[in-house]
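In terms of the UniProt record's numbering, the sequence shown is numbered consecutively and its last residue is 69. To start, the structure under review is shown below, and the notes come after it.
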Amino acid sequence: MVECGPLKAHELKTAKLIWMRSEQRVYFSQEVEALSRSGQVLASSRVAALRPYLDAQGLMRVGGRLRRA
Numbered sequence: 001m002v003e004c005g006p007l008k009a010h011e012l013k014t015a016k017l018i019w020m021r022s023e024q025r026v027y028f029s030q031e032v033e034a035l036s037r038s039g040q041v042l043a044s045s046r047v048a049a050l051r052p053y054l055d056a057q058g059l060m061r062v063g064g065r066l067r068r069a
C-alpha cells in the first residue's frame, strides 16, 4: 500500500541512511569493503589515520577527535 501526504520522520531518516551508505560505497568502496571483511583499512588508505569503522547500520564512521579543528 502506498501512503500519500507529508513524509514521516522515520521515512526521512531511512532515506538519509540509504543515501549516505550509497555515497560512501561510491567514494570509499575499497575502504568499506576492507572494513566489512577485516575490520580495518589498508595503511595506504586516505582515511586510515582517522581510525575508520563500520557502525551497526553499515555506515563508515571515524574515531578520535579532530586535531586543529
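Where is the CB? At the ideal position from N, CA and C, for every residue including glycine. Computed from a predicted model, the values in this text were never measured in an experiment.
With the cut-off set at 8 Å, would you say residue i and residue j are in Cβ contact?
i   : j   : result
S36 : L54 : yes
Given that a residue counts as buried once 16 or more other Cβ atoms are within 10 Å of its Cβ, and exposed if not, what is residue i?
i   : result
V32 : buried
P6  : exposed
V41 : buried
Return the Cβ separation of residue i and residue j in integer angstroms, given the expectation that the two are a contact with Cβ distance under 8 Å.
i   : j   : result
L59 : Q24 : 7 Å
P52 : R61 : 7 Å
Q57 : L12 : At roughly 15 Å, the Cβ-Cβ gap does not stay under 8 Å, so Q57 and L12 are not in contact.
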